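Visitor:
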Amino acid sequence: MAEKLDQIFVQAKHELVRWLLCHVPGAWAEVLSALLSIATLLVAFAALFALTTLLERKGLGRIQNRYGPNRVGPFGLLQPVADGIKALTKEDVVPRAADQVVHFIAPLVLVVPVFLALAVLPVGRNMVVVDLDAGLLFFFAVGAATELSVFMAGWSSRNKYSLLGAMRAIAQMISYEVPLILSAVTVVMMAGSLSTVRIVEVQAGFSGWLPHWHVLTPWGLAGFLLFLIAAAAEANRCPFDLPEGESEIIAGYYIEYSGFKFALFFLGEYIGLFAVSGLAITLFLGGWTAPLPFVQWVPSYVWFFLKLLSLIAFFIWVRGTLPRLRMDQLMSFAWKFMLPLSLINLLAAGLWRFLPEGLTRWAFCSLLLAAAYIGLGRSLVQRRNLGRRTYRFAE
Amino acid sequence: MLGEGIIKGLAETGRNFLGSYFEPDRLVTVQYPEERLPAPETARTFPFLVYDGDDWQKGLRCVACQICEKECPPQCIYIVKDITKKPDYIGKLQFQPKVFDIDLSVCMSCQICVEVCPFDAIKMDVEFELSTTDRFGRLLLHKAELAKPNEYYHKIHPAEAAEVDARLAAEKAKALAKTQADAAGKSVSPKPALKPLAPASG
Amino acid sequence: MTPLHATLLVSALLFGVGLAGALARRNAIGVLIGIELMFNAANLNFIAFWRYGPHPEALTGILFVLFSIAIAAAEAAVGLALIIALYRHCRTVHLDKVNSLKG
Amino acid sequence: MTADFLILSLLTLVGAVAAVSLRNLVHCALALAAALAGLAGLYLHLQAQFVGFAQLLVYVGAVAILIVFAILLTRGSDSEPDGPPATRGWVPGAGLAAAAAGLVVAAILSSRALAPSLQSSPEAPVRAIGEQLMTRYVLALELIGILLTAALIGAVIIAMTLPSRRSAEHKPQSRTSIPDL
Numbered sequence: 001m002a003e004k005l006d007q008i009f010v011q012a013k014h015e016l017v018r019w020l021l022c023h024v025p026g027a028w029a030e031v032l033s034a035l036l037s038i039a040t041l042l043v044a045f046a047a048l049f050a051l052t053t054l055l056e057r058k059g060l061g062r063i064q065n066r067y068g069p070n071r072v073g074p075f076g077l078l079q080p081v082a083d084g085i086k087a088l089t090k091e092d093v094v095p096r097a098a099d100q101v102v103h104f105i106a107p108l109v110l111v112v113p114v115f116l117a118l119a120v121l122p123v124g125r126n127m128v129v130v131d132l133d134a135g136l137l138f139f140f141a142v143g144a145a146t147e148l149s150v151f152m153a154g155w156s157s158r159n160k161y162s163l164l165g166a167m168r169a170i171a172q173m174i175s176y177e178v179p180l181i182l183s184a185v186t187v188v189m190m191a192g193s194l195s196t197v198r199i200v201e202v203q204a205g206f207s208g209w210l211p212h213w214h215v216l217t218p219w220g221l222a223g224f225l226l227f228l229i230a231a232a233a234e235a236n237r238c239p240f241d242l243p244e245g246e247s248e249i250i251a252g253y254y255i256e257y258s259g260f261k262f263a264l265f266f267l268g269e270y271i272g273l274f275a276v277s278g279l280a281i282t283l284f285l286g287g288w289t290a291p292l293p294f295v296q297w298v299p300s301y302v303w304f305f306l307k308l309l310s311l312i313a314f315f316i317w318v319r320g321t322l323p324r325l326r327m328d329q330l331m332s333f334a335w336k337f338m339l340p341l342s343l344i345n346l347l348a349a350g351l352w353r354f355l356p357e358g359l360t361r362w363a364f365c366s367l368l369l370a371a372a373y374i375g376l377g378r379s380l381v382q383r384r385n386l387g388r389r390t391y392r393f394a395e
Numbered sequence: 396m397l398g399e400g401i402i403k404g405l406a407e408t409g410r411n412f413l414g415s416y417f418e419p420d421r422l423v424t425v426q427y428p429e430e431r432l433p434a435p436e437t438a439r440t441f442p443f444l445v446y447d448g449d450d451w452q453k454g455l456r457c458v459a460c461q462i463c464e465k466e467c468p469p470q471c472i473y474i475v476k477d478i479t480k481k482p483d484y485i486g487k488l489q490f491q492p493k494v495f496d497i498d499l500s501v502c503m504s505c506q507i508c509v510e511v512c513p514f515d516a517i518k519m520d521v522e523f524e525l526s527t528t529d530r531f532g533r534l535l536l537h538k539a540e541l542a543k544p545n546e547y548y549h550k551i552h553p554a555e556a557a558e559v560d561a562r563l564a565a566e567k568a569k570a571l572a573k574t575q576a577d578a579a580g581k582s583v584s585p586k587p588a589l590k591p592l593a594p595a596s597g
Numbered sequence: 598m599t600p601l602h603a604t605l606l607v608s609a610l611l612f613g614v615g616l617a618g619a620l621a622r623r624n625a626i627g628v629l630i631g632i633e634l635m636f637n638a639a640n641l642n643f644i645a646f647w648r649y650g651p652h653p654e655a656l657t658g659i660l661f662v663l664f665s666i667a668i669a670a671a672e673a674a675v676g677l678a679l680i681i682a683l684y685r686h687c688r689t690v691h692l693d694k695v696n697s698l699k700g
Numbered sequence: 701m702t703a704d705f706l707i708l709s710l711l712t713l714v715g716a717v718a719a720v721s722l723r724n725l726v727h728c729a730l731a732l733a734a735a736l737a738g739l740a741g742l743y744l745h746l747q748a749q750f751v752g753f754a755q756l757l758v759y760v761g762a763v764a765i766l767i768v769f770a771i772l773l774t775r776g777s778d779s780e781p782d783g784p785p786a787t788r789g790w791v792p793g794a795g796l797a798a799a800a801a802g803l804v805v806a807a808i809l810s811s812r813a814l815a816p817s818l819q820s821s822p823e824a825p826v827r828a829i830g831e832q833l834m835t836r837y838v839l840a841l842e843l844i845g846i847l848l849t850a851a852l853i854g855a856v857i858i859a860m861t862l863p864s865r866r867s868a869e870h871k872p873q874s875r876t877s878i879p880d881l
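Chains as they are written, first to last, in our numbering: chain A, 1 to 395; chain B, 396 to 597; chain C, 598 to 700; chain D, 701 to 881.
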């Protein structure tokens, strides 16, 4: 029964493809199967996007002792629908000085790769659109295109704020991509594979009550936290939302976008967050595996989406808590703290691999990472609040 | 150590989040169309005309003196005086406005009309839900929409209305006393009637 | 025409376009773009010969391209740094105007 | 000669032509990114998965961004108001390029050694690439590491302005020497 429930979507797809093959030639089987997977993925994540916009506004409201949206539908549940209708019916304003073609293409260049990145995330047992041999590399490769789209949006608008926002965004994305990839590399070292499916399989299984998740090791915990911070910076989430700081550069690179194009940027940003959170789950939180042995009867995709929702909730919580960083703080945090710590984490992961199992390797790796954390953190804090700012003109 | 502040901050916002579900006092937002706060005594939006008695056409306090029309800074009041006097609600003959219009889209709620009115005939309303799709028709209020009973005035501004009523009653009593005194004095001598009034007005 | 021929033709045309760009552009960055295109045309050749060659299991072509990509990245970084230094020195990146030997 | 090959090579070539012929340099850089993405698609078509993704990561993610940054940092280089985007001697340049390309094309078309090309479908698993890198090509890998480090440091030093020199040289223009984005 549990098995059946777990594989219900996989079975449904097979049945559907079989039924469709009665009507179309057999050579189309692969195409049909891929199209069905893609459609399901698009619908599921678009629905999750709608839900998340609502949850975010509700959660932020509660953190600030407000209600949040509660007018459209019961408990405000239809608010995303209202937002969507609003975005679709709004006038699409393009500045006269803008570079029309680049301005038009930029949102597409953001949305398409971001959805492509979802293709390698295993959302359940046997539920992945493509199991690529170099899946992780694929994820980061298509993620690279978003930087270009941000630049295109910022440059083509012919607005100094949008260009500033784009430059900030690119500088930030490039800086945080280094610790992001380095902390992912630790997992690749352990799993011995770049395939996301294989990485999840490595983490399946229990020793006693504890699952074999990577986050439950010293290097995994450090890697997970580093990955989460870098992911927040990659997805332009608070406290790293300088590129779109409303109060300083009035929404940054999408200042000149309105209507449906703005909605596309918004969608792209959230799907990017889901993708990178999904990758964090795949790499460190055991993907679709159950956290405890006796709840394994719960379908695997439920676990994946539960983990995804809790990570999103964490991001919302952080957004409701932390103020935005300053640009120099952002950069010194990336290069003086994140990068050395992720390199040391790489070392710790290597040691973990080659030290004999037991308490010694736990103690050794934990001590190494804790010492690095305290030392780097102290040096960062001592330079007066994450590095002192030097003013060029306003001395 | 690095990160302590972040954890403290997260705890604080977490407490806010959970607290908002268990302590209703935290949520200060008024859910406006369903629940509304009572308007304060001194609240004001736009003017209305007060009438006494039951029939608004007879009971209007306004005598069409047109002071408010002249004083109104944005000139949103338009009055046409009736040529003949008509009996008011107690049967006394009075001038009455034939037309009394206020353009709410022009009015700036300055309350000068209320201050200059010698008859306490125009007062400020607290009604604020005036949005309409017909800007020229629905925001130009005529006499019929402007006239509201004295009881309504008592309801929205109780203290002020009581004061006004007391003053009006006192003036009425004084006028009554004066007419009686006049009636009494006319038989004796009409001349000293002005004398006791002079210090009172000064 | 075999697939190998087609791929090599694409590579040759790409090289020609890149060469034309490198020779004819006035702007230093434009020249760099042309050089990048030529680099990539060469890489395509390696992949094509690996794919249709007699010993694909040796992975020589793939590894050569990987190294070549790494070198191209380094080349681009240094080249652009040179262009920025040039701009700072001469206030222009138009190669016609950079014609004095004396700094 | 399949449809996907045609589409990808068309994208690559059109992008390349646009990259060398457009007037606005930012457009050139974006066209270059499109051409290199098309090339990555060609690699995938040729079953070199790892190389294709590496190409996307390095070229679209890093080199294109680097070029764009350089364009914005060298002010006034993004447009060429005076005259054509090419040098005065563009005719010999283009002619030389056309001759070179024509020569190569003729060589390819007339080559007999290429004729019996194999129709195998080889695989390049990541594990095999990694093993090769760590055994047979380990020296090259280390050299690449040194090269990249040297390039990194060199680029920083070339592009860096020393505070003392800058203030000495550009004192009168210190307001204009700040890159105006």
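Cβ atoms here follow ideal geometry from the backbone N, Cα and C, with glycine treated the same way.
The model shown is predicted, which means the values in this text are computed figures rather than measured ones.
#1: Could you have a look at Ile666/C and say whether DSSP puts it in helix, strand or coil?
#2: Please specify which runs of the alpha helix (DSSP H), each continuous and at least 4 residues long, are wholly inside the segment 117-177 of chain A, giving them in chain order.
#3: Starting from Val509/B, trace the alpha helix (DSSP H) both ways and give me its first and last residue.
#4: By the criterion of Cβ-Cβ separation under 8 Å, what are the contact partners of Ala754/D in chain A?
#5: Assuming Leu488/B and Lys476/B form a contact by the criterion Cβ under 8 Å, report the distance between their Cβ atoms to the nearest whole angstrom.
#6: So if I threshold CB-CB distances at 8 Å, which residues from the segment 146-170 of chain A count as touching chain D?
#7: Should Pro781/D be flagged as near chain C, meaning a C-beta pair shorter than 8 Å?
#8: What does Phe224/A pair with, by DSSP beta-bridge criteria?
#9: Given a limit of 8 Å on CB to CB distance, which residues of the segment 111-140 of chain A reach chain D?
#10: At a CB-CB cut-off below 9 Å, which residues of chain B make contact with Leu273/A?
#11: Got a sec: is the Cβ-Cβ distance from Phe523/B to anything in chain G below 8 Å?
#12: Ile792/D touches chain A at which residues, Cβ-Cβ below 7 Å?
#13: Tell me the rounded alpha-carbon separation between Ala87/A and Ala263/A.
#14: Using only CA atoms, which one of Met152/A, Leu118/A, Leu339/A, Val276/A lies nearest to Leu772/D?
#15: Under 6 Å Cβ to Cβ from Lys261/A, same chain only, skipping five residues before and after it: list those, please.
#16: Indicate the three-state DSSP secondary structure (helix, strand or coil) for Val494/B in the structure shown.
#17: Start and end of the beta strand (DSSP E) containing Lys370/B?
#18: By Cβ distance, which residues of its chain are closer than 8 Å to Val197/A, with the 5 residues on each side in sequence left out?
#19: Alpha carbon to alpha carbon, how far is Ser596/B from Ala561/B?
#20: If contact means a Cβ-Cβ distance below 9 Å, which residues of the segment 604-622 of chain C contact chain D?
#21: May I have the straight-line CA-CA distance separating Gly559/C from Ala617/C, to the nearest angstrom?
#22: Under 8 Å between the Cβ atoms of Met189/A and Arg361/A?
#23: Does the CB of Gly398/B have a neighbour CB from chain A at under 8 Å?
#24: According to DSSP, which residues form a beta bridge with Val475/B?
#25: Using a C-beta to C-beta distance shorter than 8 Å, which residues of chain A count as neighbours of Ala764/D?
#26: Relative to chain D, which residues along the segment 668-692 of chain C have a C-beta separation below 8 Å, given in chain order?
#27: So the candidates are Pro433/B, Phe441/B, Ile478/B, Glu436/B; which of them puts its Cα closest to the Cα of Leu535/B?
#28: Among the residues of its own chain, which have a CB less than 7 Å from the CB of Val714/D, if the five just before and after it don't count?
#29: Leaving out five residues on either side along the sequence, give the residues of the same chain with a beta carbon under 7 Å from the beta carbon of Ala191/A.
#30: If you measure beta-carbon to beta-carbon, which residues of the segment 702-713 of chain D are closer than 8 Å to chain C?
#31: For the ligand ATP, any of its heavy atoms closer than 7 Å to the Cβ of Leu534/B?
#32: Can you list, in chain order, the stretches of the beta strand (DSSP E) that have 3 or more residues and sit fully within the segment 2-34 of chain A?
#33: Starting from Ala609/C, trace the beta strand (DSSP E) both ways and give me its first and last residue.
#34: When burial is assigned at 16 or more other CB atoms within 10 Å of the CB, is Leu35/A buried or exposed?
#35: Which residue wins for smallest C-alpha separation from Pro74/A, given the options Asn65/A, Gly84/A, Leu54/A?
#36: CB Val804/D to CB Phe612/C, shorter than 8 Å?
Guide: This is what the structure gives:
#1: It is helical.
#2: DSSP runs (the alpha helix (DSSP H)) wholly in the segment 117-177 of chain A: 135-156.
#3: Counting along the chain, the alpha helix (DSSP H) containing Val509/B begins and ends at 507-511.
#4: Simply Leu137, Ala141.
#5: Leu488/B to Lys476/B, Cβ: 14 Å. No contact.
#6: Residues passing the 8 Å Cβ filter: Glu147, Leu148, Phe151, Met152, Trp155, Lys160, Leu163, Leu164, Met167, Ile170.
#7: Annotation note: pLDDT 48 at Pro781/D (below 50); position unreliable, coordinate value reported separately. Not closer than 8 Å to any Cβ of chain C, the Cβ of Pro781/D fails to qualify, so no.
#8: According to DSSP, which records beta bridges pairwise, Phe224/A is partnered with nothing at all.
#9: Within the segment 111-140 of chain A, the residues whose Cβ lies closer than 8 Å to some Cβ of chain D are Leu132, Asp133, Ala134, Leu137, Phe138, Phe140, listed in chain order.
#10: Here the premise fails: no neighbours, minimum Cβ distance about 19 Å.
#11: No chain G is part of this structure, whose protein chains are labelled A, B, C and D.
#12: Looking at the sequence provided, one finds Pro at residue 792/D rather than Ile. Ordered by position in chain A, no residue passes the 7 Å Cβ test against Pro792/D, which lies about 32 Å from the chain.
#13: If I take the Cα positions, the gap works out to 6 Å.
#14: In this structure, Met152/A is the residue among Met152/A, Leu118/A, Leu339/A, Val276/A with its C-alpha nearest to the C-alpha of Leu772/D.
#15: Cβ neighbours of Lys261/A within its own chain (closer than 6 Å, five residues either side excluded): Pro107.
#16: Val494/B falls in the strand class under three-state DSSP.
#17: Outside the displayed range of chain B (396 to 597) lies residue 370/B, so it cannot be described from this structure.
#18: Close CB contacts of Val197/A within its chain, under the 8 Å cut and outside five residues either way in sequence, are with Pro122, Val128, Asp131, Gly135 (chain order).
#19: Any reading at Ser596/B must be qualified, since the residue scores a pLDDT of 42, below 50, and its modelled position is unreliable; the value itself is stated next. So the two alpha carbons sit approximately 19 Å from each other.
#20: So the close ones are Thr604, Leu605, Leu606, Val607, Ser608, Ala609, Leu610, Leu611, Phe612, Gly613, Val614, Gly615, Leu616, Ala617, Gly618, Ala619, Leu620, Ala621, Arg622.
#21: Outside the modelled stretch of chain C, which goes from 598 to 700, sits residue 559/C, for which no answer is possible.
#22: With contacts defined as CB atoms closer than 8 Å, Met189/A and Arg361/A fail to qualify as a contacting pair.
#23: So, interface residue.
#24: Val475/B is bridged to Val494/B.
#25: Result: Leu148.
#26: Listed by position, the residues of the segment 668-692 of chain C near chain D (Cβ gap below 8 Å) are Ile668, Ala669, Ala670, Ala671, Glu672, Ala673, Ala674, Val675, Leu677, Ala678, Leu679, Ile680, Ile681, Ala682, Tyr684, Arg685, Thr689, Val690, His691, Leu692.
#27: For the set Pro433/B, Phe441/B, Ile478/B, Glu436/B, the Cα lying nearest the Cα of Leu535/B is the one of Phe441/B.
#28: If we look at Val714/D and ignore the five residues flanking it on each side, it has no Cβ neighbours.
#29: The beta carbon of Ala191/A sits closer than 7 Å to those of Arg198, Ile199, Val202, all from its chain and outside the five residues before and after it, given in chain order.
#30: Those would be Phe705, Ser709, Thr712, Leu713, in chain order.
#31: Among the components modelled here there is no ligand, and therefore nothing to report on the ligand ATP.
#32: List check, beta strand (DSSP E) in window: nothing returned.
#33: Element bounds for Ala609/C: not the beta strand (DSSP E) but the alpha helix (DSSP H), 600-621.
#34: Its Cβ having fewer than 16 others within 10 Å, Leu35/A is exposed.
#35: In this structure, Leu54/A is the residue among Asn65/A, Gly84/A, Leu54/A with its C-alpha nearest to the C-alpha of Pro74/A.
#36: Taking 8 Å as the Cβ cut-off, Val804/D and Phe612/C qualify as a contacting pair.
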